[in-house]
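No gaps in the numbering here: position 170 of the sequence shown is 170 in my numbering, and each next residue is one more. In this text, a Cβ means the ideal position worked out from N, Cα and C, and glycines have one as well. Scroll down for the structure; my scribbles are underneath it.
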Amino acid sequence: MSEHILDKSIRGIAETVRQGKVSFEEVMGEAVARHEKHDEKLQAFKYFDGEGAVESARSADALLARGHDVGPLMGLPISAKDIFGVSGMPTFGGTNREMDPEWAVDGPVMQALRRYMAIPTGKTHTIEFAFGAVGTSYHYGAPRNPWDAKEHRVSGGSSVGAGVSLAEGSSLLALGTDTGGSIRIPASVTGNVGLKVTIGRWSTDGIVPLSTTFDTPGYLTRSVEDAIIGFAAVDPDYDDPEALFNDLDGIDAGDLRLGVCDEHFWDNCAPGVAEGVQGAIDELAKKGAQIIKIPMAEATEARKCLYDAFMFGVEGLSHVRQYFLDRMDSIDPTIERRLNAGIDITGVDYYTSVRTLERLNGVVCDKLRHVDALVVPTVPHTPPTVEEVADIDDYFAANGLMTQNTQPINMLALCGVSIPVALDKAGMPVGLQLVGASGTEERVLSTALACERHFGTARERFGVPPLLAG
């Protein structure tokens, strides 16, 4: 078996297995070995079942030998954010104790991946009730961002362990959820790809809720190529990952029409972030891509709606009271403060924000239909060290900065992909966020793939994360 089999793409590993050069059991054994090697320093997982994963991979080998081949995800390792129900694994949801069995049952997203025989290796850490973007947990600490070998930097949230599991090598697709950026943020700051689909495209059944209005399941991968394979596996409109990949491949970066704006998304950028994203846009323009200015004042207005009605807090508090009232006495103080902020919101406040967002969605979608994607920085802020967010006020300041560019996409019911394009002045990954109108995931993924063909993946462009080098 090649020592670096897990460094291949999902399709590359699948092809190698089918050539008889490696077995699923060997691939999974390598994934488990990488977890055992790196877990102490990375701490990506709340729960890990290496033995069960290897046994499932062995079963996949037996099926493949009998001619039963269900596609490129078959027999390969995935991880699930610990708010997903995964049959046979406990769910904690970032809280300090295990949740009831009803939260440990496969929902539609996990069922779809199991149909393709993807194998969950474990449950990655999440912020409590998935309510936070920084990446620190009151109960479980903070998975370490592997791009800083000297200091313990956060890896973004609330899918806080997802990107770290990809870097570790124990997962090739990391399930997460995105209510205000919780897939794209960790993807950006860990040098991965993160997909946020349109609200309602994929079911949230079997997932611990934060905001049923805005929650969206999705995932992180190491490449756009892998993301497309995952999309075809999960999305009910498709049944052939290879066919969808072939449909979306082939667009040249020089043929793209990319929207840019001056408003909102470029505010508060840390050193190297704006420069890195603008440099990527300039590269695409030199390649021949059309760069089209699109006014986007609606982004600021949409985020204002969120805070005027504190929509996540209102819905989150409702769900905690309904399902988890017995945990209120042990909840993370940062989460409790945000939940309680929703207590004084009136029905009129909430309804006004909902109606305003519906209007803004129509306006923005009309603008975006003239381009392949709007391109902006994913996260303007360098991921802080754990020490820099130890104070609660510093934590909230960082949380606001990290969600600045992702929350408007959720509020406006758009879809988006974050891809790695640069390193900032602190040596941390910088994501380019490609945003599309509601329901245009295929177009955005095709655009992202064309960009990746030009830039390369994070591994190709920047090498191995420093903490994992050597």
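Member of K8, H38, I13, V17 whose CA lies at the smallest distance from the CA of A469: H38
Considering only DSSP beta bridges, list what P420 is partnered with. G431
Looking only at DSSP bridge pairs, what is V375 linked to? L434
Pairs of beta-carbons, one from the region 151-158 and one from the region 108-121, closer than 8 Å: are there three or more? no
Range covered by the alpha helix (DSSP H) that runs through K286: 273-287
Tell me, which residues are paired with R257 by DSSP? Q290
Would you tell me roughly how many angstroms separate the C-alpha atoms of G347 and D308, rounded to the nearest one? 12 Å
Cα-Cα separation, A450 to R327: 46 Å
Can you list, in chain order, the residues of its chain whose CB lies under 6 Å from that of K425, leaving out five sequence neighbours each side? P271, G272
Mapping DSSP to helix, strand and coil, what is L73? coil
If you draw a straight line from the C-alpha of K196 to the C-alpha of D235, how long is it? 13 Å
Just to confirm the assignment, what range does the alpha helix (DSSP H) spanning L248 have? 241-248
Leaving out the 5 sequence neighbours to the left and right, which residues in its chain are closer than 7 Å to C269 when beta-carbon positions are compared? P377, P380
From the DSSP output, in three-state form, read off S2 for me. Since pLDDT at S2 reaches only 44, below the 50 mark, its modelled position is unreliable, and no value is offered.
Where does G141 land, buried or exposed, given buried means 16+ other C-beta within 10 angstroms? exposed
Once the 5 residues before and after G254 are set aside, which same chain residues still bring their CB inside 7 Å of it? K287, G288, A289
Could you tell me which of V193, D240, A297 sits nearest to A448, measuring between CA atoms? V193
Smallest Cα separation from G67: which of G163, M428, R18? R18
Does the region 433-449 come close enough to the region 364-377 to have 3 or more Cβ pairs within less than 8 Å? yes
Below 8 Å between beta carbons: does that hold for T213 and E315? yes
Buried or exposed: which applies to V363, given that a residue is buried once 16 or more other Cβ atoms fall within 10 Å of its Cβ? exposed
What number of angstroms, rounded off, separates the C-alpha of N246 from the C-alpha of K46? 36 Å
Going by alpha carbons, who is nearest to A187 out of K293, A458, D82, R97? A458
My output table needs one value for K196: the three-state DSSP class, helix, strand or coil. strand
From G180 to G20, what does the alpha carbon distance come to, in whole angstroms? 43 Å
According to DSSP, is K123 helix, strand or coil? strand
Residue environment, A62, which counts as buried when at least 16 other CB atoms sit within 10 Å: exposed
According to DSSP, is I13 part of a helix, a strand, or is it coil? helix
Per-residue DSSP class, three states only, for G141: strand
What residue range is occupied by the uninterrupted beta strand (DSSP E) comprising T177? 173-177
Can you find the residues in the same chain that come closer than 7 Å, C-beta to C-beta, to F48, ignoring five residues on each side of it along the sequence? H35, T121, G122
How far does the alpha helix (DSSP H) with G50 in it extend, from its first residue to its last? 50-65
Output the boundary residues of the beta strand (DSSP E) element that contains T213. Per DSSP, T213 belongs to no beta strand (DSSP E) and is neither H nor E.
Apply the 10 Å Cβ neighbour rule to S2 and answer buried if 16 or more other Cβ atoms are within range, or exposed otherwise. Per-residue confidence for S2 stands at a pLDDT of 44, beneath the threshold of 50, marking its modelled position as unreliable; the derived number appears in the next sentence. Exposed, because fewer than 16 other Cβ atoms sit within 10 Å of the Cβ of S2.
Neighbour-count burial assignment, R11, 16 or more Cβ in a 10 Å radius: buried
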